[in-house]
Amino acid sequence: MALYYAAPMAVLLLQIADEPDRLQGSEVVQQLTPVAVGLLAVLGVMLLASLFVGSLKVIHVARIQREQRRFRRRLGAATTAEELATASGEGEPGARVLRAMIQRVDRGPVGPEELGGVALQAITEEERQASNLLPILTGVASTGPLMGLLGTVWGIIEAFLALDQSRSSAINVVAPAMAGALLTTALGLLAAIPALLCLQFAERRTNDLVAELEAAAQTWVGVLLGR
14 MALYYAAPMA VLLLQIADEP DRLQGSEVVQ QLTPVAVGLL AVLGVMLLAS
64 LFVGSLKVIH VARIQREQRR FRRRLGAATT AEELATASGE GEPGARVLRA
114 MIQRVDRGPV GPEELGGVAL QAITEEERQA SNLLPILTGV ASTGPLMGLL
164 GTVWGIIEAF LALDQSRSSA INVVAPAMAG ALLTTALGLL AAIPALLCLQ
214 FAERRTNDLV AELEAAAQTW VGVLLGR
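Structure representation (structure tokens):
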């Protein structure tokens, strides 16, 4: 799934990599207004954050998936508390949840509801760790297009103001403002798209992990309490 998302974005980025030379040599781009330049700078930072944080999250979530698969293989068909204790000796998400439950059982008598609460707290912590940095991707995905739209609207306003001041409809009068408008739109979308794709990928895998841990914890409660 990650390759499904990454492949088209890689092709798009390679195509865009050829554009800076053309833009730098354009007199229209060199005449961009300060507002357009400021928005482009902010969106450029958002694009870098989107690519960097998105890559980190895809790698992080993929690592969690590998760890959880390793834990499932080690857990096998454990049906006793001793077998569960043996499987909880490593640092995978499922092992950490199981270890927290075993530690509570070892401290003294405990009921199923309390033990289920311990499991829920441990699962919540695993979800929190798996969701690190996702707010950054959410912010970029939601505000990138809006900032691009702001640049578009502002560029159109500046184009009309330029027409009014120059009393001319020549293309060189409105071109800088329109170029800034379209560039901010493109950069806003370019920042938001990979952020959104990585966010959806990470959220789906995190939700799958939480659902798996919650289902497994219900079984572990019965095994650890001998029921």
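Counting from 14, one number per residue, gives the positions in the sequence shown under my numbering.
From the three backbone atoms N, C-alpha and C, an ideal C-beta is built for every residue, glycine too.
Being a predicted model, the structure only gives us computed values, none of them experimental.
Assess, as a yes-or-no matter, whether the segment 114-124 is touched by the segment 136-152 under the definition of 3 or more beta carbon pairs within less than 8 Å.
Output reads no: the segment 114-124 does not touch the segment 136-152.
Once the 5 residues before and after E105 are set aside, which same chain residues still bring their CB inside 8 Å of it?
E80, Q81, R83 and F84
Per DSSP, what kind of secondary structure is A188 in: helix, strand or coil?
helix
Whole-angstrom Cβ separation of L222 and I77, contact assumed at under 8 Å?
6 Å
Could you check which residue in M160, R180 and C211 has the C-alpha nearest to that of T197?
Nearest of M160, R180 and C211 to T197, Cα basis: M160.
Using alpha carbons as the reference points, say which of L210, G164, A175 and R180 lies closest to L195.
G164
So what's R180 in DSSP terms, helix, strand or just coil?
coil
Enumerate in chain order the residues of its own chain whose CB-to-CB distance from L97 is below 8 Å, with the five nearest sequence positions on each side excluded.
Closer than 8 Å at the Cβ level, and outside the excluded window around L97, lie L88, A91, L111, I115, W233, V236 and L237.
Here's a check: name, in chain order, each residue in its chain whose Cβ is nearer than 7 Å to the Cβ of A229, leaving out the five neighbours to either side.
G107
If you draw a straight line from the alpha carbon of L209 to that of T151, how long is it in whole angstroms?
7 Å
In angstroms, rounded to a whole number, what distance separates the CA positions of A190 and V166?
10 Å
8 Å contact criterion, which K70 and A215 should meet: CB distance rounded:
5 Å
Within this structure, are the beta carbons of A199 and V153 separated by less than 7 Å?
no
Collapsed DSSP secondary structure at A215 in the structure displayed:
helix
Report back the beta-carbon spacing between L226 and E138 to the nearest angstrom; my notes put them in contact at under 8 Å.
That pair is no contact at about 11 Å.
Could you tell me if V58 is buried or exposed, where buried requires 16 or more neighbouring beta carbons within 10 angstroms of its beta carbon?
exposed
Check S68 in the structure and name its three-state DSSP category.
Assigned with DSSP and collapsed to three states, S68 falls in helix.
Using CA coordinates, which residue listed in P148, P158, Q178 and G193 is at the minimum distance from G168?
Residue G193 holds the alpha-carbon nearest to the alpha-carbon of G168 among P148, P158, Q178 and G193.
Given a cut-off of 7 Å, decide if L61 and V207 are closer than it, judged by their beta-carbon atoms.
Checking the sequence shown, residue 207 turns out to be Pro, not Val. Against a cut-off of 7 Å, the Cβ pair of L61 and P207 comes out as no contact.
Helix, strand or coil: which one does DSSP assign to E105?
coil
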